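**Student:** Residue numbers (our numbering), protein chains in the order written: chain X, 9 to 137; chain F, 9 to 137.
Glycine is no exception: its CB is placed at the ideal position from the N, C-alpha and C atoms.
Since the structure is predicted, the reported quantities are computational estimates derived from the model, not experimental observations.
I'd like to ask some things about the structure below.
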């Protein structure tokens, strides 16, 4: 019974964007992509599994770094074309740069002089991606 | 000076996904899409402006419903291919279905019997999209 999977509005590449939100702090940690297999695996193992568009393979987040995302809840939006995961961010580092979250840059500055400024420190220097 | 705009990794269609998060409650409200013009307009007017992929036009969210998203902060992720907005959700309704947020469905049920269940009530019956 995979009716729930068929209800997702997969895009032309068979993917859907998936947001991971820290269940404790509410921080938006990451936006990544899933295909049917990634979402199925996520549900099966209780960890976020994505589809790496660059490597073109399933990506069990944390498999090399130890920074898994334990999935507590899976949500879908009104158009069925976006997924929201409430997760426990194991180790408190969700970004491959070693920061708490991927959204570490904020647009700052006067009109005409905006810049992206890093607002979060690297907690742990990553060994590899 | 639009260097900050050039730093966004626009996809092949010139778009980037943009998450809107309620600045007060931390709830993830919507995932929509922006092109360069939408992001520029968002910055200029301080309200979220998206690109409607279905209507193929700029979409000033709330222009018909009154449920604007006042933008307090614009963030970008590590790969520069996703935007995060911290917003004030005017009227407390972000979804065109009249709910607080678009992510109103949760996956529930035993393995093999999962279903998407609506967990949020319609606050205001929408007149039109």
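Within the 8 Å Cβ cut-off, does residue 65 of chain F reach chain X?
**Tutor:** With 8 Å as the cut-off, residue 65 of chain F does not count as an interface residue toward chain X.
**Student:** So with Cβ pairs under 8 Å, would you call residue 14 of chain X a contact of chain F?
**Tutor:** Answer no: the Cβ-Cβ gap between residue 14 of chain X and chain F never drops below 8 Å.
**Student:** Whose C-beta lies closer than 7 Å to the C-beta of residue 94 of chain X among residues of the same chain, with five residues either side of it excluded?
**Tutor:** If we look at residue 94 of chain X and ignore the five residues flanking it on each side, its Cβ neighbours are 29, 31, 80 and 81.
**Student:** With 8 Å as the threshold, decide whether the Cβ of residue 84 of chain X is near any Cβ in chain F.
**Tutor:** At least one chain F Cβ lies under 8 Å of residue 84 of chain X.
**Student:** Could you say which of X/83, X/111 and X/110 lies nearest to residue 15 of chain X if we only look at CA atoms?
**Tutor:** The option with the nearest alpha carbon to residue 15 of chain X is X/83.
**Student:** Can you confirm whether the stretch 31-45 of chain X touches the stretch 17-29 of chain F when touching is taken to mean that 3 or more C-beta pairs between the two stretches lie within less than 8 Å?
**Tutor:** Touching, yes.
**Student:** Does residue 131 of chain X come within less than 8 Å of chain F when only Cβ atoms are used?
**Tutor:** False, the Cβ-Cβ gap to chain F never drops below 8 Å.
**Student:** Determine whether the Cβ of residue 18 of chain X lies closer than 8 Å to any Cβ atom of chain F.
**Tutor:** Cβ-Cβ to chain F under 8 Å: no for residue 18 of chain X.
**Student:** Which class does residue 31 of chain F belong to by DSSP, given the choice of helix, strand or coil?
**Tutor:** DSSP places residue 31 of chain F in coil when its eight states are reduced to three.
**Student:** Would you decide whether residue 75 of chain F is buried or exposed? Buried here means 16 or more other CB atoms lie within 10 Å of its CB.
**Tutor:** So residue 75 of chain F counts as buried.
**Student:** What residue does the beta strand (DSSP E) around residue 116 of chain F start on, and which one ends it?
**Tutor:** 113-116 is the extent of the beta strand (DSSP E) around residue 116 of chain F.
**Student:** Counting only Cβ-Cβ distances shorter than 7 Å, please list the residues of the stretch 24-42 of chain F near chain X, keeping chain order.
**Tutor:** Flagged, chain order: 25, 27, 29, 34, 36 and 39.
**Student:** Nearest to residue 109 of chain X by alpha carbon, out of X/122, X/99, X/135 and X/66?
**Tutor:** Looking at the Cα atoms, X/99 is the closest of the given residues.
**Student:** Quick check: is any heavy atom of the ligand NAP less than 7 Å from the C-beta of residue 66 of chain F?
**Tutor:** No copy of the ligand NAP occurs in the structure displayed, which carries no ligand at all.
**Student:** Name the residue from X/57, X/111, X/65 and X/69 whose alpha carbon lies nearest to the alpha carbon of residue 130 of chain X.
**Tutor:** The shortest Cα separation from residue 130 of chain X among X/57, X/111, X/65 and X/69 belongs to X/111.
**Student:** What residues of chain X sit near residue 104 of chain F, judged by a beta carbon separation below 8 Å?
**Tutor:** Going along chain X in sequence order, the residues near residue 104 of chain F (Cβ under 8 Å) are 86.
**Student:** Considering only their Cβ atoms, is the gap separating residue 44 of chain X from residue 12 of chain X smaller than 8 Å?
**Tutor:** Cβ atoms of residue 12 of chain X and residue 44 of chain X: not closer than 8 Å.
**Student:** Going by DSSP, what residue range makes up the alpha helix (DSSP H) through residue 12 of chain F?
**Tutor:** That run of the alpha helix (DSSP H) goes 11-14.
**Student:** Using DSSP with H/G/I as helix, E/B as strand and the rest coil, what is residue 38 of chain X?
**Tutor:** Reduced to three states, the DSSP call for residue 38 of chain X is strand.
**Student:** For residue 59 of chain F and residue 46 of chain F, which I take to be in contact (beta-carbon distance under 8 Å), what is that distance rounded to the nearest angstrom?
**Tutor:** Yes, residue 59 of chain F and residue 46 of chain F are in contact; Cβ-Cβ is about 5 Å, under 8 Å.
**Student:** In the DSSP assignment, what residue or residues form a beta bridge with residue 59 of chain F?
**Tutor:** Answer is F/66.
**Student:** Where does residue 135 of chain F sit, in a helix, a strand or coil, going by DSSP?
**Tutor:** Looking at residue 135 of chain F - three-state DSSP - the assignment turns out to be coil, as it is neither helix nor strand.
**Student:** Which residues in the same chain have their Cβ closer than 8 Å to the Cβ of residue 134 of chain X, if we skip the five residues on either side of it in sequence?
**Tutor:** Cβ within range, chain order: 73, 104, 105 and 106.
**Student:** Does the beta-carbon of residue 125 of chain X have 16 or more other beta-carbons within 10 angstroms, so that it is buried, or is it exposed?
**Tutor:** Classification of residue 125 of chain X: exposed, given that the 10 Å Cβ count is below 16.
**Student:** Mapping DSSP to helix, strand and coil, what is residue 23 of chain X?
**Tutor:** Residue state, collapsed to three classes: coil.
**Student:** Would you verify that the beta carbon of residue 112 of chain X is, or is not, closer than 8 Å to some beta carbon of chain F?
**Tutor:** Interface residue, yes.
**Student:** Going straight from the alpha carbon of residue 64 of chain X to that of residue 55 of chain F, what length do you get?
**Tutor:** Looking at the two C-alpha atoms, the distance is approximately 36 Å.
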